[in-house]
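Novice: Structure in structure tokens, see below.
Set out below in structure tokens:
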């Protein structure tokens, strides 16, 4: 039984992402670009600019990890096969007669399949990033976590910077306060794979890759089907926040209780303040007064 | 005859850009900086900031190609002779008594001579960029095109980023949709020199350098004398756009014709829509509805 | 006597910044972060974002010098001891019960001690930057000045860029016109140490480090006690500006005097113009008409 399990996970870990999983990743990325307002018009007016945006969406994570490790950001352009594949996907998505590709992509089973396959590539990217960083800084585990995270979920930073430079996006302070769900799971995966790589986790790499991929794909498909984005990680985050930062709230909470007892006018505002602080969630709005 | 031709192009290709062509390039760049609103005041109030802007205008293309290839962006500061020359040009332009240099530069023959010599340096930069990228990634032709383009025309990106950081420039989405004319000819040159470097073009490098420089200088001087900026490349661009992207327009155009026949209420809007789509130009405004 | 002096300066130059001087530097940096509006709320809502900002404040100069020399910007994350120390300072400052650390820091003697020790680290950073740049470009003195400056005072650039990306800061043109006082003294120090390193200054490195540190600490403490920010360098700056750029003002000043004599209607505006130009200060407002 164990031999069959080993066999299965090893075969899975040796699967090449090229071409089918890469195609799914490029398809999901380019469709995300197409759904931005004005993207189709940009493709008609300035195909070069549209092609460049598509390449940044497809290879953004790799570009960011190259910048972090002082490697040429243009390195992704040397992989001519993948560039040709991504460019073909871009061309077909934006210039197909009758917009057939977008219409086909609007069916949920197609979206689920593509999204699931894209999540598989995420695992490969995290593992690639962690291994690559280790070749630079042996046992530099913070660097390994950062590079794994960048390669798995960093594309959004690269595209946001470009949007900023193009004037299409004005950052609001709040946006940076909230890590998106893909970012959170990628950070989690990066930490786990770094622990495994530095031999702090008693599990083989191929077993971990298989289990983490199953986890990713399951979460992603569940979220797409149920349209619910934050179910799984919120309790875990709350616990972590209470442990590391929550005791300070408890401390000030008991102080407030003491103050309100001493000055018991019993106004509604202080009562509601005590109730608000009692939640202890990490999703508190930035305007909360302490 | 052929021997004379070879002799001439070889001598031309071995000409050093230092000092006369470099002086012309620095002069044109610093004058372009001086003509920005408020530049003279900045030079008086904060000479260091003005000097830095001037250096970015003069060496911006090289800085961008260094960033692309993960070389130190400060590498240009090690060439003390060129830095001294560019700094002297900046000092003379901004601090000459009675503003003599700006007055001299306002004469058209002087501007034509300087602009022509600057275009010669553009060829050298493209060739330098293509060769340099090839030393990093042998046969990485996309990288070679990108680095040649960056070194020949990338200065404007570096200075735009700095203007953005200084708050002097707010990007509008439309600006990035339109490649300037120097960018287009530099991209064309970069592609041609890359093809020559990878032995896909049956022409020697010195012949190509000579012919491309003649082309650049002729176009530039013609545009300055006639004040017309887009004559030469527009037909070529239209043809290319029709070939690669135009057939989709034809397809939707015949669809629209069919729809308007079937629902022939003959409103003015649909009639004008058909007329608009019939132009097929790539300079269509981004707000056009498809 | 000379032997005692040598002994003292050598011992001083061999002092390690770790841990006490580094603690002071991290404390001052994190307190500067905490005093920004909304920083405490960000720490509550998104500790990861707050921790990242704190790391950029503490290690920003090193990150900028790495970017300038095309080294991995993440290099600072490999020094686990310093990261742990800085993270602990951040945690204690933001999450201490009853905000004890901020209250302790509000006492002037504590601030003076921490600021003085932070200025000592500035000298070490400038020297480290100059030496490091020399290992890349032997005798590239402009690069050495730039890297020394970046490492000593470049943190503010890194944090400003991040603030810009977060939308918390809109750059005004004027801000970049005025170098802050720490930037000016760091530039001065960088130039001096570069001259010493290239053997143009007949002084040993440890003597220079001692004297420059005494100078920095004295200036900083004097400024904090007297609350005066620009006393010391303004006369020196004015002299330098007059020498390099002032003669042009003298020239146009005598021209103006001649013009006002010739057209002596004696209006108040031209009289005040002459008076304004006569000041010759480099702190002239950017709106001055020339």
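Residue numbers (my numbering), protein chains in the order written: chain Z, 387 to 676; chain S, 387 to 676; chain X, 387 to 676. All C-beta atoms, glycine included, are put in the ideal place defined by N, C-alpha and C.
Report the neighbours of residue 434/X on chain S: residues whose CB is nearer than 7 Å to its CB, in chain order.
Specialist: What residue 434/X touches in chain S: nothing, since even the nearest Cβ is about 26 Å away.
Novice: Can you list the residues of chain X that residue 455/Z reaches, using a CB-CB cut of under 8 Å?
Specialist: Simply 458 and 460.
Novice: Under 8 Å: do the stretch 461-471 of chain X and the stretch 402-417 of chain X share three or more Cβ pairs, one atom per stretch?
Specialist: Counting Cβ pairs under 8 Å, three or more are found: they touch.
Novice: Less than 8 Å between CB atoms is the rule here; does residue 598/Z satisfy it with respect to chain X?
Specialist: Answer no: the Cβ-Cβ gap between residue 598/Z and chain X never drops below 8 Å.
Novice: Where do the ends of the alpha helix (DSSP H) carrying residue 514/X lie?
Specialist: Element bounds for residue 514/X: 494-522.
Novice: What do you get for residue 613/Z, buried or exposed, if any count of 16 or more other CB atoms within 10 angstroms of its CB means buried?
Specialist: Exposed, since its Cβ has fewer than 16 Cβ neighbours within 10 Å.
Novice: Chain S partners of residue 604/Z, CB-CB under 7 Å?
Specialist: What residue 604/Z touches in chain S: nothing, since even the nearest Cβ is about 38 Å away.
Novice: Please identify, using Cβ separations under 7 Å, the residues of the stretch 525-543 of chain X that lie next to chain S, in order along the chain.
Specialist: The stretch 525-543 of chain X vs chain S, Cβ under 7 Å: 526, 528, 529 and 532.
Novice: Going straight from the alpha carbon of residue 409/S to that of residue 502/S, what length do you get?
Specialist: Cα-Cα distance, rounded: 12 Å.
Novice: Does any C-beta atom of chain X lie closer than 8 Å to the C-beta of residue 567/Z?
Specialist: Answer no: the Cβ-Cβ gap between residue 567/Z and chain X never drops below 8 Å.
Novice: Closest to residue 542/S by C-alpha separation, out of 393/S, 529/S, 569/S and 525/S, would be which residue?
Specialist: If we check each option's Cα against that of residue 542/S, 569/S comes out closest.
Novice: Any chance you could list the alpha helix (DSSP H) runs of at least 4 consecutive residues sitting entirely within the stretch 401-458 of chain S, in chain order?
Specialist: Runs found: 406-420, 425-431 and 433-454.
Novice: Can a CB atom of chain S be found closer than 8 Å to the CB of residue 631/X?
Specialist: Closer than 8 Å: yes.
Novice: Is residue 389/X buried or exposed, if buried means 16 or more other CB atoms sit within 10 Å of its CB?
Specialist: The residue in question, residue 389/X, is exposed, as its Cβ has fewer than 16 Cβ neighbours within 10 Å.
Novice: I'd like the list of long-range same chain contacts for residue 505/X, defined as Cβ closer than 6 Å, with 5 residues on each side in sequence excluded.
Specialist: For residue 505/X, where only same-chain residues beyond five positions count, the Cβ hits under 6 Å are 602, 603 and 606.
Novice: Go through its chain and collect everything with a Cβ distance to residue 419/X's Cβ below 7 Å, but skip five positions before and after it.
Specialist: Closer than 7 Å at Cβ, skipping near neighbours: 425, 439, 440 and 443.
Novice: Listed in chain order, which residues of the stretch 467-487 of chain S have Cβ atoms closer than 7 Å to some Cβ of chain X?
Specialist: Under the 7 Å Cβ criterion, the stretch 467-487 of chain S contributes 469, 481 and 483.
Novice: Exposed or buried, residue 451/Z, counting other C-beta atoms within 10 Å across all chains shown (16 or more means buried)?
Specialist: Buried.
Novice: Would residue 450/S count as contacting chain X if we go by Cβ distances under 8 Å?
Specialist: No, no contact with chain X.
Novice: For residue 493/Z, decide whether its Cβ has a neighbour in chain X, counting only Cβ atoms nearer than 8 Å.
Specialist: With 8 Å as the cut-off, residue 493/Z does not count as an interface residue toward chain X.
Novice: With a CB to CB cut of under 6 Å and the five nearest residues on each side skipped, what residues in its chain are close to residue 673/X?
Specialist: The predicted position of residue 673/X is uncertain, since its pLDDT is 35 and thus under 50; no value can be drawn from it.
Novice: Where do the N-terminal and C-terminal ends of the alpha helix (DSSP H) with residue 540/S fall, by residue?
Specialist: Where residue 540/S is concerned, there is no enclosing alpha helix (DSSP H), given that its DSSP letter is neither H nor E.
Novice: When the cut-off is 8 Å and only beta carbons count, does residue 464/Z lie next to chain S?
Specialist: So yes, residue 464/Z belongs to the interface.
Novice: To the nearest angstrom, how far is it from the Cα of residue 393/Z to the Cα of residue 463/X?
Specialist: So the alpha carbons of these two residues sit roughly 37 Å apart.
Novice: Using 8 Å as the threshold, is the C-beta distance between residue 456/Z and residue 519/S below it?
Specialist: No, Cβ-Cβ distance for residue 456/Z and residue 519/S is not below 8 Å.
Novice: I need the boundaries of the alpha helix (DSSP H) containing residue 463/X, first residue and last residue.
Specialist: Run containing residue 463/X: none; DSSP gives neither H nor E here.
Novice: I'd like to know whether the C-beta atoms of residue 583/X and residue 530/X end up nearer to each other than 8 Å.
Specialist: Cβ distance < 8 Å, so residue 583/X and residue 530/X count as in contact.
Novice: From residue 413/S to residue 486/S, what does the alpha carbon distance come to, in whole angstroms?
Specialist: Distance between the alpha carbons of residue 413/S and residue 486/S is about 13 Å.
Novice: Where does the unbroken alpha helix (DSSP H) through residue 599/Z begin, and where does it stop?
Specialist: Residues 591-612.
Novice: Using a Cβ-Cβ distance cut-off of 8 Å, determine whether residue 581/X contacts chain S.
Specialist: No, its Cβ sits nowhere closer than 8 Å to a Cβ of chain S.
Novice: Applying a beta-carbon distance threshold of less than 7 Å, which residues of chain X neighbour residue 442/Z?
Specialist: Those do not exist, as residue 442/Z stays about 16 Å from chain X at its closest Cβ, beyond 7 Å.
Novice: Assuming residue 594/S and residue 578/S form a contact by the criterion Cβ under 8 Å, report the distance between their Cβ atoms to the nearest whole angstrom.
Specialist: Rounded, the Cβ-Cβ distance is 7 Å, consistent with contact.
Novice: Helix or strand or just coil, what does DSSP make of residue 525/S?
Specialist: Three-state result, residue 525/S: coil.
Novice: Any beta carbon of chain S sitting closer than 8 Å to that of residue 550/X?
Specialist: Chain S, which has a Cβ nearer than 8 Å to the Cβ of residue 550/X, makes this yes.
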